[in-house]
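Chemist: Sequences listed follow chains A and X, in order. If you're matching positions, the first sequence starts at 912 in the working numbering and goes up one per residue. If you're matching positions, the second sequence starts at 53 in the working numbering and goes up one per residue. Sharing a structure here in structure tokens format.
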Amino acid sequence: MTLAYAIGVGVLFGSGAFLLLKPDLFRIVVGIVLVSNAANLALMAGGLTRGSAPVDPAPGERVSDPLVQALTITALVIGFAVTALLLVVAYRVYVSAHTVDLDELSHAEARHEQNLEREELEV
Amino acid sequence: MLAVALALPWFGGVMLALVDGRRRGAAWLAAGCLGLALGVLAVLLGMVIADGPLEGVAGGWPSGVGITLRADALGALFALTSVAVLVSALVYEVAAGIRSPRFPALVLLLATGLTGLFLTADVFSFYVFFELSMIASYVLAAYGDKSRQLTAGFIFAVVNLLGSFLFLIGVAAIYHVTGSLDMATVAERLQGADSGIVLLIAVAIFVAFGVKLGLFPFHFWLPTVYTSATPAVAAMLSGAVANIGSYGLLRFGAGVMPEALQLGAPVLIGLGTASILYGALQSVSRRSAAEVLAYSAVGQAGYVLVTLSVAGAVGLTAAVVYAIANALNKALLFLSLEVRGWAVGLVFAVGAFSVAGVPPTAGFFGKVEVFRAGVTEDSVALVALLFLGGALSFLYMFQIYQHDFWREQRRTPASGRLVQAVPIVLMVLVVALGLWPEPLLRAGQEAAEAVQEGGP
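As structure tokens, this is what we get:
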């Protein structure tokens, strides 16, 4: 079971890291989502114990670890909020620059700075 | 007391999120709220130094089971410094005119996150507060809403999120190995654990804080963000948010995993040295003041890392004092960048002297402590590095001083009186700490002792 989790975390993290290297804002956001879920899965895998749900257990009965689930749901909520924020920022970038391609963004920025320098020289 | 320090900016932030922060009243209310929190933290630090750590467990659970809030000298000192930087940056921005309705609320939430993470004794709630403050700073980094700032904010968020998730994986591993999230218990149980696993956890956590602090191989996001942010936001990022990195390295490196720190010391010293030299050389070759300060931040982060890994108690004191002095310097310099007026040259020069470590400034005592750590530990490398780095920082600080304040006559009109007052107050603080350093040094020693007692 641990091996399955380890492979799952590895694949998620690897795909996420791959997407993070793409020069496209939305692919980067998806990459972050994958990496965040790799972390959540690792958190779940950190406390794998077999047993029944820890709701009013009979004395002596084995219960599964409820703490990791509480941690994971907290981490999930944070990941959700962060994804929403990233999407908003990416959208704002798109609205103001009309592109989500990082190469084009840096070209536009370089042009903008050249213009500024030219204006300064003229002044 | 602990709960008040945390609840004050939190409630303030939530309330102010509902109103338009561009109105003067709301903005001053935020500043007042933050000022009150600053006062509470100052009292807290006094209490902690006088009578030892304060502790409170949330929800009335027994200690070790519930989530613990614990203020020791290290946490209280960092919280006080960070909130002081936030207050000055907020007052500066309010005086200069706020451009976004949510700005004051975000600063208050950032203060909540920072106070929380410095005062918690639980690894997971550390992560939660850490994310809270980071989310606020992602939004603040995009403050200004120009395409350039938005892109910088996006890059900042993505790189730091990767760091945060690595930290979360580290937390998962800690829980798996020790079965606990309480820092003291974790520190205790990690001592008996397999050193390979501990090292693996330490690496994940080190990378997370290295990204936050902008250490050499993880610094690439930093210049973009610091140069495109507005002065107030740059001051907050370098003077308050970067403290998370120094604090995390001290707390998790020296406090929770001292064995891994010892084992990794040669690598850490190497990275720190690279950071110092790279930051200094890049700064010397830059002409824009914001860029110089950004690369200088990379270099200063290196000192904290090297001092931390070189030495025992002396090194820890040095790292704490240096980190605090550096936070104040950076806030002072970034805030004085765009101010115009009669005193600004003086203010900037004092900041530059403090970075270079010339008395009587707070930066001088930071350097003295690092020097003492180098001498005590017979580390020739550290002493040599200190002098080389100091000389280079003197060079680059005065290059921009000359470039910005001597060569060209500034045509822009003087800034408002209040805008000018904020850097002046910070300057007085930096000089005062240089003339009367006992409180800072005492707090630094107490903090180093608190770290060595294990987790908070």
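From the three backbone atoms N, C-alpha and C, an ideal C-beta is built for every residue, glycine too. Model, not experiment: these values are computed from the prediction.
1) Applying the criterion that 16 or more other CB atoms from any shown protein chain within 10 Å of the CB defines a buried residue, is A:G927 buried or exposed?
2) Excluding the five sequence neighbours on either side, which residues of its own chain have a C-beta within less than 8 Å of the C-beta of X:G231, listed in chain order?
3) Can you find a C-beta in chain X that's less than 8 Å from the C-beta of A:V974?
4) If contacts are defined as beta-carbon pairs under 8 Å, then X:R303 and X:V100 qualify, I think. What distance do you get, rounded to the angstrom?
5) Output the boundary residues of the beta strand (DSSP E) element that contains X:T120.
6) Quick one: list the residues of chain A neighbouring X:G205, beta-carbon separation under 7 Å, in chain order.
7) Where do the N-terminal and C-terminal ends of the alpha helix (DSSP H) with X:V159 fall, by residue?
8) Is the Cβ of X:S199 closer than 8 Å to any Cβ of chain A?
9) Sort X:S337, X:L485 and X:L384 by Cα distance to X:A292 and report the nearest one.
10) Counting contacts by CB-CB distance shorter than 8 Å, is A:T960 in contact with chain X?
11) Can you give me the start and stop residues for the beta strand (DSSP E) that X:V109 sits inside?
12) Give the straight-line distance between the Cα atoms of X:V358 and X:L438, rounded to the nearest whole angstrom.
13) According to DSSP, what are the bridge partners of A:D1012?
14) Could you check what DSSP says for A:S963 in three-state terms: helix, strand or coil?
15) I'd like the list of long-range same chain contacts for X:P508, defined as Cβ closer than 6 Å, with 5 residues on each side in sequence excluded.
16) Please return the same chain residues whose Cβ sits closer than 6 Å to the Cβ of X:I397, not counting the five positions on each side in sequence.
17) Assuming X:L313 and X:G322 are in contact, meaning their beta carbons sit under 8 Å apart, how far apart are those beta carbons, in whole angstroms?
18) Counting along the chain, where does the alpha helix (DSSP H) carrying X:V319 start and finish?
19) Assuming X:G496 and X:P411 form a contact by the criterion Cβ under 8 Å, report the distance between their Cβ atoms to the nearest whole angstrom.
20) Of the choices A:L998, A:M955, A:P968 and A:E1020, whose alpha-carbon is the least far from that of A:V979?
21) What is the rounded straight-line gap between the Cα of A:Y1005 and the Cα of X:G205?
22) At least one CB of chain X closer than 8 Å to the CB of A:S947: is that the case?
23) Going by beta-carbon coordinates alone, are X:S327 and X:L380 separated by less than 8 Å?
24) Would X:G64 pass as a contact of X:A79 if the rule is Cβ separation under 8 Å?
25) I'd like to know if A:E1020 contacts chain X, where contact means its C-beta is closer than 8 Å to some C-beta of that chain.
26) Leaving out five residues on either side along the sequence, give the residues of the same chain with a beta carbon under 6 Å from the beta carbon of A:G962.
27) In chain C, which residues lie with their C-beta within 7 Å of the C-beta of A:A1008?
Modeler: A quick look at the data gives this:
1) buried
2) R241
3) no
4) The Cβ separation is near 15 Å, so there is no contact.
5) T120 to A123
6) V1000
7) F155 to L171
8) yes
9) X:L384
10) no
11) L106 to V109
12) 10 Å
13) A:D935
14) strand
15) Low local confidence applies: a pLDDT of 45 at X:P508 is under 50, so the model's placement there is unreliable, with the coordinate-based value given in what follows. If we look at X:P508 and ignore the five residues flanking it on each side, its Cβ neighbours are R122, D124, A173 and M235.
16) Contrary to the premise, residue 397 of chain X reads as Gly rather than Ile in this sequence. So the qualifying residues of the chain are F457.
17) X:L313 to X:G322, Cβ: 14 Å. No contact.
18) P310 to V336
19) X:G496 to X:P411, Cβ: 17 Å. No contact.
20) A:M955
21) 13 Å
22) yes
23) no
24) no
25) yes
26) R973, V974 and S975
27) Checking the listed chains, one finds no chain C in this structure; the protein chains it contains are A and X.
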